[in-house]
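334 is the number that our numbering gives the last residue of the sequence shown; the numbers go up by one with no jumps.
C-beta atoms are modelled at their ideal positions from N, C-alpha and C, and glycine is treated no differently.
These numbers come from a predicted model, not from an experiment.
Only one structure is covered here, and it is reproduced in the block below.
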Amino acid sequence: MAITERAKGHIYVFTANAMFGVFIPISKYLLKDCVSPLMLTFLRFAGATLLFWCVSFLIKDARVTKKDLGWFLIFTLTGIVFNQGLFMFALNLTSPIDTSVIVTALPFATLIISALFFKDPITRRKILGISTGAAGAIWLMLSSAGGNSFGSGSILGDFIVLLTTFSSSFYIVLSKPLTLKYSPITISKWMFLFSTIIFLPLSPKVFDTSQSIKADLGFWDIAGILYVVCGATFCTYLLLNMGIKRIRPTTVAMYNYVQPVVSSVVAILACQDVFSWNKLFATIIVFLGVYIVTTSPRTKEQLAVAKLVEERAAKTGK
(Lines of atoms letter the chains of each structure in order from A and count residues from 1; the text may use other names and numbers.)
(Lines give C-alpha, C1' and ligand atoms only; values in the text may rest on other atoms or scores of the structure.)
Protein backbone atom coordinates (compact mmCIF):
# COMPACT_ATOMS: atom_id res chain seq x y z
CA MET A 1 0.00 0.00 0.00
CA ALA A 2 1.45 3.33 -1.10
CA ILE A 3 2.06 6.00 1.53
CA THR A 4 0.10 9.20 0.85
CA GLU A 5 1.84 12.57 0.69
CA ARG A 6 -0.04 13.64 3.83
CA ALA A 7 1.24 10.59 5.72
CA LYS A 8 4.76 11.36 4.50
CA GLY A 9 4.34 14.90 5.85
CA HIS A 10 3.48 13.56 9.30
CA ILE A 11 6.51 11.24 9.21
CA TYR A 12 8.86 14.03 8.11
CA VAL A 13 7.73 16.52 10.77
CA PHE A 14 7.63 13.92 13.55
CA THR A 15 11.16 12.77 12.67
CA ALA A 16 12.43 16.37 12.53
CA ASN A 17 11.07 17.14 16.00
CA ALA A 18 12.32 13.83 17.40
CA MET A 19 15.82 14.64 16.11
CA PHE A 20 15.60 18.12 17.61
CA GLY A 21 14.47 16.55 20.88
CA VAL A 22 17.72 14.53 20.91
CA PHE A 23 19.62 17.75 20.12
CA ILE A 24 18.50 19.42 23.37
CA PRO A 25 20.40 17.15 25.82
CA ILE A 26 23.35 16.88 23.41
CA SER A 27 23.61 20.68 23.13
CA LYS A 28 23.51 20.98 26.94
CA TYR A 29 26.44 18.56 27.10
CA LEU A 30 28.42 20.41 24.41
CA LEU A 31 27.77 23.88 25.86
CA LYS A 32 28.91 22.75 29.29
CA ASP A 33 32.64 22.61 28.48
CA CYS A 34 33.14 21.76 24.77
CA VAL A 35 32.03 24.79 22.72
CA SER A 36 30.63 28.27 23.31
CA PRO A 37 27.06 29.13 22.24
CA LEU A 38 28.40 31.42 19.48
CA MET A 39 30.74 28.74 18.13
CA LEU A 40 28.01 26.10 18.14
CA THR A 41 25.67 28.50 16.31
CA PHE A 42 28.40 29.30 13.75
CA LEU A 43 29.09 25.61 13.16
CA ARG A 44 25.37 24.97 12.64
CA PHE A 45 24.90 27.81 10.15
CA ALA A 46 28.13 27.35 8.18
CA GLY A 47 27.99 23.55 8.23
CA ALA A 48 24.37 23.40 7.05
CA THR A 49 25.09 25.97 4.33
CA LEU A 50 27.93 23.83 2.98
CA LEU A 51 25.85 20.65 3.06
CA PHE A 52 22.76 22.17 1.41
CA TRP A 53 24.76 23.82 -1.38
CA CYS A 54 26.70 20.62 -2.10
CA VAL A 55 23.47 18.60 -2.34
CA SER A 56 21.81 21.31 -4.47
CA PHE A 57 24.25 20.63 -7.31
CA LEU A 58 22.85 17.10 -7.55
CA ILE A 59 19.22 18.14 -8.14
CA LYS A 60 17.29 20.18 -10.68
CA ASP A 61 14.83 22.81 -9.53
CA ALA A 62 13.01 25.91 -10.73
CA ARG A 63 15.12 29.05 -11.07
CA VAL A 64 14.70 31.31 -8.04
CA THR A 65 13.27 34.77 -8.79
CA LYS A 66 14.43 37.97 -7.09
CA LYS A 67 11.05 38.32 -5.41
CA ASP A 68 11.30 34.83 -3.96
CA LEU A 69 14.87 35.51 -2.79
CA GLY A 70 13.33 38.30 -0.72
CA TRP A 71 10.94 35.78 0.80
CA PHE A 72 13.85 33.44 1.53
CA LEU A 73 15.49 36.29 3.41
CA ILE A 74 12.31 36.74 5.47
CA PHE A 75 12.27 32.98 6.15
CA THR A 76 15.91 33.24 7.23
CA LEU A 77 15.07 35.92 9.78
CA THR A 78 11.91 34.28 11.11
CA GLY A 79 12.91 30.61 10.84
CA ILE A 80 16.62 30.74 11.74
CA VAL A 81 18.10 34.05 12.92
CA PHE A 82 15.33 35.28 15.26
CA ASN A 83 14.25 31.75 16.12
CA GLN A 84 17.67 30.16 16.78
CA GLY A 85 19.84 33.23 17.48
CA LEU A 86 17.53 35.08 19.88
CA PHE A 87 16.60 31.81 21.52
CA MET A 88 20.22 31.14 22.52
CA PHE A 89 20.45 34.71 23.89
CA ALA A 90 17.20 34.32 25.84
CA LEU A 91 18.43 31.13 27.53
CA ASN A 92 21.01 33.25 29.38
CA LEU A 93 18.28 35.57 30.69
CA THR A 94 15.57 33.17 31.81
CA SER A 95 15.18 29.72 33.30
CA PRO A 96 15.02 26.53 31.18
CA ILE A 97 11.58 25.61 32.50
CA ASP A 98 10.18 29.11 31.77
CA THR A 99 11.56 28.75 28.25
CA SER A 100 10.05 25.30 27.75
CA VAL A 101 6.61 26.34 28.99
CA ILE A 102 6.49 29.48 26.80
CA VAL A 103 7.51 27.50 23.71
CA THR A 104 4.31 25.43 24.08
CA ALA A 105 2.52 28.53 22.75
CA LEU A 106 3.88 27.76 19.24
CA PRO A 107 0.77 25.87 18.00
CA PHE A 108 -1.54 28.60 19.38
CA ALA A 109 0.48 31.29 17.60
CA THR A 110 0.57 29.26 14.39
CA LEU A 111 -3.20 28.72 14.51
CA ILE A 112 -3.82 32.46 14.83
CA ILE A 113 -1.36 33.46 12.09
CA SER A 114 -2.64 30.74 9.76
CA ALA A 115 -6.21 32.00 10.29
CA LEU A 116 -5.17 35.60 9.52
CA PHE A 117 -3.17 34.85 6.36
CA PHE A 118 -4.87 31.76 4.90
CA LYS A 119 -8.32 31.79 6.54
CA ASP A 120 -7.56 28.49 8.27
CA PRO A 121 -10.59 28.02 10.57
CA ILE A 122 -10.07 28.14 14.34
CA THR A 123 -12.24 25.23 15.48
CA ARG A 124 -13.05 23.94 18.95
CA ARG A 125 -11.38 20.64 18.07
CA LYS A 126 -8.10 22.37 17.24
CA ILE A 127 -8.19 24.46 20.41
CA LEU A 128 -8.98 21.34 22.45
CA GLY A 129 -6.12 19.40 20.85
CA ILE A 130 -3.59 22.20 21.24
CA SER A 131 -4.61 22.80 24.86
CA THR A 132 -4.40 19.09 25.64
CA GLY A 133 -0.96 18.78 24.08
CA ALA A 134 0.29 21.91 25.83
CA ALA A 135 -0.98 20.65 29.19
CA GLY A 136 0.84 17.35 28.70
CA ALA A 137 4.06 19.05 27.60
CA ILE A 138 4.02 21.47 30.55
CA TRP A 139 3.27 18.62 32.99
CA LEU A 140 6.16 16.61 31.53
CA MET A 141 8.62 19.50 31.80
CA LEU A 142 7.54 20.41 35.34
CA SER A 143 7.97 16.75 36.33
CA SER A 144 11.50 16.74 34.92
CA ALA A 145 12.31 20.04 36.66
CA GLY A 146 10.89 18.92 39.98
CA GLY A 147 8.12 21.51 39.75
CA ASN A 148 10.22 24.16 41.51
CA SER A 149 11.77 26.20 38.70
CA PHE A 150 8.86 27.88 36.98
CA GLY A 151 8.78 31.66 37.25
CA SER A 152 12.48 31.99 38.08
CA GLY A 153 13.37 33.68 34.79
CA SER A 154 13.42 37.37 33.90
CA ILE A 155 10.56 39.24 32.22
CA LEU A 156 12.89 40.30 29.38
CA GLY A 157 14.08 36.74 28.81
CA ASP A 158 10.54 35.37 28.83
CA PHE A 159 9.43 38.07 26.37
CA ILE A 160 12.28 37.23 23.98
CA VAL A 161 11.36 33.54 24.09
CA LEU A 162 7.75 34.47 23.28
CA LEU A 163 9.05 36.61 20.37
CA THR A 164 11.05 33.67 18.99
CA THR A 165 7.94 31.50 19.27
CA PHE A 166 5.86 33.88 17.13
CA SER A 167 8.81 34.22 14.73
CA SER A 168 8.87 30.46 14.21
CA SER A 169 5.09 30.49 13.68
CA PHE A 170 5.40 33.08 10.90
CA TYR A 171 7.99 30.87 9.19
CA ILE A 172 5.85 27.74 9.38
CA VAL A 173 2.80 29.54 7.95
CA LEU A 174 4.33 31.90 5.36
CA SER A 175 6.81 29.41 3.87
CA LYS A 176 4.11 26.93 2.82
CA PRO A 177 3.25 28.51 -0.58
CA LEU A 178 6.89 28.48 -1.71
CA THR A 179 7.37 24.87 -0.59
CA LEU A 180 4.94 24.02 -3.41
CA LYS A 181 7.14 25.87 -5.89
CA TYR A 182 10.71 24.96 -4.85
CA SER A 183 12.37 21.88 -3.42
CA PRO A 184 13.28 21.82 0.29
CA ILE A 185 16.96 21.81 -0.70
CA THR A 186 16.62 25.06 -2.66
CA ILE A 187 14.72 26.81 0.13
CA SER A 188 17.13 25.63 2.83
CA LYS A 189 20.33 26.43 0.94
CA TRP A 190 19.34 30.08 0.55
CA MET A 191 18.05 30.34 4.11
CA PHE A 192 21.30 29.06 5.62
CA LEU A 193 23.48 31.06 3.23
CA PHE A 194 21.70 34.25 4.32
CA SER A 195 21.91 33.23 7.98
CA THR A 196 25.68 32.65 7.69
CA ILE A 197 26.16 36.05 6.04
CA ILE A 198 24.11 37.74 8.76
CA PHE A 199 26.20 35.93 11.39
CA LEU A 200 29.56 37.06 9.88
CA PRO A 201 29.81 40.31 11.94
CA LEU A 202 29.86 38.13 15.07
CA SER A 203 32.54 35.80 13.67
CA PRO A 204 35.52 37.65 15.23
CA LYS A 205 33.98 37.11 18.67
CA VAL A 206 33.69 33.42 17.88
CA PHE A 207 37.37 32.92 17.13
CA ASP A 208 39.11 35.50 19.34
CA THR A 209 38.97 33.41 22.49
CA SER A 210 40.41 30.06 23.47
CA GLN A 211 37.11 29.28 25.20
CA SER A 212 35.20 29.03 21.91
CA ILE A 213 36.04 25.36 21.49
CA LYS A 214 37.92 22.85 23.62
CA ALA A 215 41.37 22.04 22.27
CA ASP A 216 41.28 18.33 23.10
CA LEU A 217 37.89 17.24 21.81
CA GLY A 218 37.20 13.56 22.41
CA PHE A 219 35.36 11.11 20.16
CA TRP A 220 31.96 11.74 21.77
CA ASP A 221 32.51 15.51 21.66
CA ILE A 222 33.14 15.37 17.90
CA ALA A 223 30.24 12.96 17.41
CA GLY A 224 27.96 15.37 19.28
CA ILE A 225 29.03 18.33 17.13
CA LEU A 226 28.53 16.30 13.94
CA TYR A 227 25.05 15.32 15.09
CA VAL A 228 24.16 18.96 15.82
CA VAL A 229 25.34 20.10 12.36
CA CYS A 230 24.30 17.15 10.17
CA GLY A 231 21.35 15.77 12.11
CA ALA A 232 19.76 18.51 14.23
CA THR A 233 20.31 21.24 11.63
CA PHE A 234 20.70 19.87 8.09
CA CYS A 235 18.27 16.95 8.39
CA THR A 236 15.73 18.68 10.64
CA TYR A 237 15.31 21.72 8.39
CA LEU A 238 15.21 19.52 5.30
CA LEU A 239 12.52 17.31 6.84
CA LEU A 240 10.63 20.29 8.26
CA ASN A 241 10.36 21.97 4.85
CA MET A 242 9.29 18.66 3.30
CA GLY A 243 6.59 18.39 5.97
CA ILE A 244 5.38 22.00 5.69
CA LYS A 245 4.71 21.32 2.02
CA ARG A 246 2.41 18.39 2.79
CA ILE A 247 0.44 19.15 5.97
CA ARG A 248 -1.28 22.09 7.66
CA PRO A 249 0.83 24.70 9.54
CA THR A 250 -1.07 24.05 12.78
CA THR A 251 -0.33 20.34 12.52
CA VAL A 252 3.35 21.08 11.87
CA ALA A 253 3.46 23.24 14.98
CA MET A 254 1.70 20.57 17.09
CA TYR A 255 4.61 18.18 16.60
CA ASN A 256 6.72 20.65 18.56
CA TYR A 257 5.30 18.91 21.64
CA VAL A 258 7.24 15.77 20.65
CA GLN A 259 10.54 17.48 21.53
CA PRO A 260 10.20 17.44 25.35
CA VAL A 261 9.02 13.82 25.19
CA VAL A 262 12.10 12.72 23.25
CA SER A 263 14.40 14.88 25.40
CA SER A 264 12.96 13.28 28.53
CA VAL A 265 13.45 9.75 27.15
CA VAL A 266 17.05 10.51 26.17
CA ALA A 267 17.74 12.06 29.57
CA ILE A 268 16.36 8.95 31.32
CA LEU A 269 18.43 6.62 29.12
CA ALA A 270 21.54 8.75 29.77
CA CYS A 271 20.85 8.63 33.54
CA GLN A 272 20.34 12.42 33.57
CA ASP A 273 16.74 11.95 34.72
CA VAL A 274 14.60 9.22 36.28
CA PHE A 275 11.41 7.55 35.07
CA SER A 276 8.13 8.36 36.81
CA TRP A 277 4.48 7.56 36.15
CA ASN A 278 3.83 11.31 35.89
CA LYS A 279 6.15 11.46 32.86
CA LEU A 280 4.40 8.50 31.23
CA PHE A 281 0.91 9.96 31.73
CA ALA A 282 2.10 13.38 30.54
CA THR A 283 3.51 11.77 27.39
CA ILE A 284 0.18 10.05 26.69
CA ILE A 285 -1.61 13.38 27.05
CA VAL A 286 0.86 15.03 24.62
CA PHE A 287 0.18 12.44 21.91
CA LEU A 288 -3.57 12.60 22.58
CA GLY A 289 -3.43 16.34 21.85
CA VAL A 290 -1.43 15.72 18.66
CA TYR A 291 -3.97 13.10 17.57
CA ILE A 292 -6.93 15.43 18.12
CA VAL A 293 -5.40 18.19 15.97
CA THR A 294 -4.02 15.95 13.21
CA THR A 295 -7.39 14.22 12.71
CA SER A 296 -9.45 17.41 12.51
CA PRO A 297 -11.35 17.83 9.19
CA ARG A 298 -9.65 19.73 6.37
CA THR A 299 -11.20 22.64 4.47
CA LYS A 300 -11.83 22.62 0.70
CA GLU A 301 -8.77 24.85 0.20
CA GLN A 302 -6.57 22.46 2.18
CA LEU A 303 -7.90 19.49 0.22
CA ALA A 304 -7.09 21.35 -3.01
CA VAL A 305 -3.52 21.99 -1.85
CA ALA A 306 -3.16 18.34 -0.84
CA LYS A 307 -4.32 17.26 -4.30
CA LEU A 308 -1.78 19.62 -5.91
CA VAL A 309 1.01 18.14 -3.80
CA GLU A 310 -0.03 14.59 -4.74
CA GLU A 311 -0.10 15.48 -8.46
CA ARG A 312 3.28 17.19 -8.37
CA ALA A 313 4.81 14.28 -6.44
CA ALA A 314 3.46 11.86 -9.04
CA LYS A 315 5.06 13.88 -11.85
CA THR A 316 8.43 14.67 -10.25
CA GLY A 317 8.84 11.78 -7.86
CA LYS A 318 9.57 14.27 -5.04
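Beta-ladder partner(s) of residue i, from DSSP
i, result
"I229", "V51"
Inter-residue CB distance, residue i and residue j (contact presumed, cutoff 8 Å)
i, j, result
"F208", "F58", "About 12 Å separates the two Cβ atoms, so there is no contact after all."
"Y273", "T120", "7 Å"
"K78", "K197", "Here residue 78 is Ala; the residue named in the question, Lys, does not match the sequence. Sure, about 6 Å apart at Cβ, within 8 Å."
"V302", "G152", "4 Å"
"T267", "V309", "6 Å"
"G25", "I263", "4 Å"
"A269", "P123", "4 Å"
"P265", "T126", "5 Å"
"V189", "F133", "6 Å"
"A34", "W155", "Going by Cβ atoms, the distance from A34 to W155 rounds to 20 Å, so no, they are not a contact pair."
"F61", "S211", "5 Å"
"I40", "S279", "4 Å"
"G305", "L46", "With 8 Å as the limit, G305 and L46 do not qualify as a contact, their Cβ atoms being about 31 Å apart."
"M55", "I176", "About 21 Å; that fails the 8 Å criterion."
"T31", "L254", "T31 to L254, Cβ: 10 Å. No contact."
"I203", "N257", "5 Å"
"L218", "D84", "Contact doesn't hold; Cβ gap of about 27 Å is too wide."
"V29", "G259", "4 Å"
"S199", "I27", "Going by Cβ atoms, the distance from S199 to I27 rounds to 18 Å, so no, they are not a contact pair."
"A64", "F223", "Contact doesn't hold; Cβ gap of about 19 Å is too wide."
Endpoints, the alpha helix (DSSP H) within which residue i is located
i, result
"F182", "171 to 190"
"T337", "The first residue shown for the chain is 17 and the last is 334, placing residue 337 beyond what the model contains."
"G240", "235 to 242"
"Y307", "293 to 310"
"A283", "274 to 285"
"I260", "252 to 262"
Contact with chain D by residue i, beta-carbon distance below 7 Å
i, result
"T120", "As a matter of chain content, chain D is missing from the structure shown, which is built from one protein chain."
Can you find at least 3 beta carbon pairs, one from the region 266 to 283 and one from the region 241 to 248, that sit closer than 8 Å?
Touching, no.
In the region 67 to 100, which residue ranges form an unbroken alpha helix (DSSP H) of at least 4 residues, counting only runs that do not cross its ends?
Entirely contained in the region 67 to 100, the alpha helix (DSSP H) runs reaching 4 residues are, in chain order, 82 to 92.
Return the chain-ordered ranges of every alpha helix (DSSP H) run that is complete within the region 192 to 225 and spans a minimum of 4 residues.
Fully enclosed alpha helix (DSSP H) runs of no fewer than 4 residues occupy 192 to 195, 200 to 215, 219 to 223 of the region 192 to 225, in order along the chain.
Whole alpha helix (DSSP H) runs in the region 117 to 164 with 4 or more residues, listed along the chain?
Counting whole runs of 4 or more residues, the region 117 to 164 contains the alpha helix (DSSP H) stretches 122 to 134, 140 to 161.
Pairing CB atoms from the region 46 to 64 with CB atoms from the region 225 to 237, are three or more of them under 8 Å?
Output reads yes: the region 225 to 237 touches the region 46 to 64.
Pairs of beta-carbons, one from the region 73 to 90 and one from the region 170 to 182, closer than 8 Å: are there three or more?
No, because fewer than three Cβ pairs between the region 73 to 90 and the region 170 to 182 fall closer than 8 Å, the two stretches do not touch.
Do the region 286 to 295 and the region 134 to 141 make contact, defined as three or more Cβ pairs closer than 8 Å?
With a cut-off of 8 Å, the region 134 to 141 and the region 286 to 295 do not count as touching, because too few Cβ pairs lie within range.
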